[in-house]
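The structure appears below as structure tokens.
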Amino acid sequence: MLPRRLLDGYASFRNGRFQAENERYRRLAETGQNPGVLIIACCDSRAAPELIFDASPGEIFVVRNVANLVPPYAPDDDYHGTSAALEFAVMALKVKDIIVMGHGRCGGIKAALASDTAEPLSPGNFIGKWISLLEKPKAECLCHADDTEEERINRLEHMSIVNSLANLRTFPCIRILERKGEICLHGAWFDIALGELHVYDEFAKVWNRLDTPDIAA
Ligand SMILES: [Zn+2]
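My numbering puts the first residue of the sequence shown at 0, with every later residue one more than the last.
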């Protein structure tokens, strides 16, 4: 038996949103999905892209992994779940925008900063291996010796997104499409407590809070 919360939620979906968007679901089933956007987000239950962007079914293709990391292009014998999703989104779905979206108070980022002293959660140490992708930005981050712990986590949350944007460009297909102007890469960071989205300006190398008409009013 599924947990009660899920059963209740499913009933609410069937009677509410599914009823309201019945036609859209049927059309999507018949014609297939055609999302224009790929979002790479964290597994964190507080930072669901579909909720943050108020998305309807079929609108955004979402990959979620621990700490929203993009690994570098590495065709080898390892399993590459995120790279497989990237390959599909770019080559088959032909998305026009890729957004790497981090968030505040990220446990994966916190774990990366503690990885030198913390014990693995299990003998497999899958998280340890995964967040070793952050070694370079972590080393840069630790140069800021005056940071409080909170500032350091916050800094790495942002730097890891920039690092993932660089890793996206190690994929030949993405690099080529970006050069042709057929795909755009973006960095974003979600503040859970405030519900605010900050976006990265790659030219100025600064993060700007995205204002909405409601917030400005
Ligand atoms: Zn996270």
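Even glycine gets a Cβ: it sits at the ideal position worked out from N, Cα and C. Computed from a predicted model, the values in this text were never measured in an experiment.
Would the C-beta of residue i count as close to ligand 1, meaning under 8 Å from any of its heavy atoms?
| i | result |
| --- | --- |
| asparagine 162 | no |
| aspartate 7 | no |
| aspartate 200 | no |
| glycine 101 | yes |
| asparagine 153 | no |
| cysteine 142 | no |
| isoleucine 182 | no |
| alanine 47 | no |
The beta strand (DSSP E) that contains residue i, what's its start and end?
| i | result |
| --- | --- |
| phenylalanine 189 | 183-190 |
| glycine 40 | Per the sequence presented here, residue 40 reads as alanine, with glycine not at that position. Where alanine 40 is concerned, the enclosing beta strand (DSSP E) stretches over 36-41. |
| glycine 101 | 96-102 |
| glutamate 86 | Not the beta strand (DSSP E): glutamate 86 falls in the alpha helix (DSSP H), residues 80-86. |
Buried or exposed for residue i, please, with buried defined as at least 16 other CB atoms from any protein chain shown within 10 angstroms of its CB.
| i | result |
| --- | --- |
| phenylalanine 154 | It is worth fixing the name first, because residue 154 is arginine in this sequence and not phenylalanine. Looking at its Cβ environment, which holds 16 or more other Cβ atoms inside 10 Å, arginine 154 is buried. |
| aspartate 76 | exposed |
| proline 122 | exposed |
| serine 163 | buried |
| phenylalanine 12 | exposed |
Starting from residue i, follow the alpha helix (DSSP H) in both directions and report where the run begins and ends.
| i | result |
| --- | --- |
| histidine 157 | 148-167 |
| arginine 3 | 3-14 |
| tyrosine 24 | 21-30 |
| arginine 63 | Careful: arginine 63 lies outside any alpha helix (DSSP H), inside the beta strand (DSSP E) at 59-64. |
| leucine 50 | 48-51 |
| arginine 178 | 171-178 |
Using C-beta distances below 7 Å, list every residue in its chain close to residue i, excluding the 5 sequence neighbours before and after it, in chain order.
| i | result |
| --- | --- |
| glutamate 139 | Met158 |
| serine 40 | The residue you asked about is not serine; residue 40 is alanine in the sequence shown. Same-chain partners within the cutoff: Ala46, Pro48, Val61, Arg63, Asn67 and Met100. |
Please list, in chain order, all residues of the same chain as residue i whose beta carbon is under 8 Å from its beta carbon, the five residues on each side excluded.
| i | result |
| --- | --- |
| proline 56 | Glu20, Arg23, Tyr24 and Leu27 |
| alanine 95 | The residue asked about is misnamed: residue 95 is lysine in this sequence, not alanine. So the list reads Gly35, Val36, Glu181, Ile182 and Cys183, once near-sequence residues are dropped. |
Excluding the 5 residues preceding and the 5 following residue i in the sequence, name in chain order all residues of the same chain whose CB lies nearer than 6 Å to its CB.
| i | result |
| --- | --- |
| alanine 44 | The sequence shown places serine at residue 44, not alanine. Correct list: empty, nothing qualifies. |
State the CB to CB distance for the pair residue i and residue j, rounded to an integer number of angstroms; the pair is presumed to be in contact (CB under 8 Å).
| i | j | result |
| --- | --- | --- |
| valine 69 | asparagine 166 | 4 Å |
| isoleucine 51 | proline 34 | About 15 Å separates the two Cβ atoms, so there is no contact after all. |
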